[in-house]
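Engineer: One structure, pasted below without further comment.
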Ligand code: C5P
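Residue numbers (the numbering used here): 41 to 276.
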């Protein structure tokens, strides 16, 4: 579908250019099948079935061999693709740059990992409500609940780290298009490795809002995560 002026609503950039090297195996984790569909098809379905989401920009590896066969659901919303880069942050920046012109510089855009297929609409509702009211934007996250240990070189425990006020950053993350592009470009120019969008914004002196989200909005990293999603999808 070709995006026209009507497609200037809320867009989501979906980085899917990772090779899933931590996951092992040939097929990148976003293309593993669960309940007859790929992980990325589940992810896009969750995003595009939300009434506020207008379209998705999926960022693919230059040599992606699986996207065409990934069995997308037929939703009446545009799904565009572009080519990503070596690191996740490079892929996100490429996706933001490739968004249609109808997405204004000050419009909010979402970024959501292709490998995070279990997003609940209620979480996205809260992120949008609170994030759009924030001058900078917001991210879904969850407080750290386990006790944190700092390891020494020998694998022994050096000390226990305080977990108060520590959060685990999830996606989606919600920022204004131009501010996000500027922050990601600044980090790239400085050679700083950015592991999420909020980190790039923080480097600019900005303070995105933490919005508590569900623990089951997990990223598929290991085969055990895939089994967990398999289980979650049978319970829906
Ligand atoms: O590797 P990691 O689990 O952090 O990847 C998170 C998301 O970012 C995945 O959906 C992955 O496909 C994507 N990614 C990307 N470009 C990269 C590396 C990861 O789009 N160079």
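The C-beta atom is built at its ideal place from N, Cα and C for all residues, glycine as well.
Among 108, 185, 211, whose alpha-carbon lies nearest the alpha-carbon of residue 239?
Structural biologist: 211
Engineer: Regarding residue 225 and ligand 1, is the C-beta to nearest heavy atom distance less than 7 Å?
Structural biologist: no
Engineer: Hey, how far is the Cα of residue 107 from the Cα of residue 201?
Structural biologist: 42 Å
Engineer: Would you mind working out which of 209, 198, 159 sits nearest residue 183, comparing C-alpha positions?
Structural biologist: 209
Engineer: Restricting to runs no shorter than 4 residues, where is the alpha helix (DSSP H) found entirely within the segment 142-181?
Structural biologist: 161-172
Engineer: Residue range of the beta strand (DSSP E) that residue 93 falls in?
Structural biologist: It spans 93-100 - the beta strand (DSSP E) in which residue 93 sits, taken as one unbroken run.
Engineer: Under the rule that 16 or more other beta-carbon atoms within 10 Å means buried, what is residue 161, buried or exposed?
Structural biologist: exposed
Engineer: From what residue to what residue does the beta strand (DSSP E) around residue 208 run?
Structural biologist: 207-216
Engineer: Could you name the residues of the same chain whose beta carbon sits closer than 8 Å to that of residue 270, not counting the 5 residues immediately before and after it, in chain order?
Structural biologist: 74, 75
Engineer: Tell me whether the segment 149-156 and the segment 225-234 touch, counting them as touching only if at least three CB pairs, one residue from each stretch, are closer than 8 Å.
Structural biologist: no
Engineer: Within the continuous alpha helix (DSSP H) that includes residue 132, where are the two ends?
Structural biologist: 128-137
Engineer: Run the CB neighbour count on residue 116, radius 10 Å, all protein chains shown included, and call it buried at 16 or more, exposed below.
Structural biologist: exposed
Engineer: Can we count residue 277 as close to ligand 1, meaning its CB is less than 7 Å from some heavy atom?
Structural biologist: Because the chain here runs from 41 to 276, residue 277 falls outside it and cannot be looked at.
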